[in-house]
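Trainee:
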């Protein structure tokens, strides 16, 4: 259960970082 929650948080962090990098490039 904890692993699933941490995995979800990690995926959200990666998505936010990816979107942030895309904004900087644009």
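In the numbering used here, the protein residues as written are 4 to 29. Note that the Cβ used here is the ideal one computed from N, Cα and C, for glycine as well.
#1: Roughly how many angstroms separate the alpha carbons of residue 29 and residue 10, rounded to a whole number?
#2: When the Cα atoms are used, what is the spatial distance from residue 21 to residue 5?
#3: Please report the residue range of the alpha helix (DSSP H) in which residue 25 lies.
Mentor: Inspection of the coordinates gives the following:
#1: Rounded to the nearest whole angstrom, the CA to CA distance from residue 29 to residue 10 is 29 Å.
#2: The straight-line gap from Cα to Cα measures roughly 24 Å.
#3: Boundaries of the alpha helix (DSSP H) around residue 25: 5–28.
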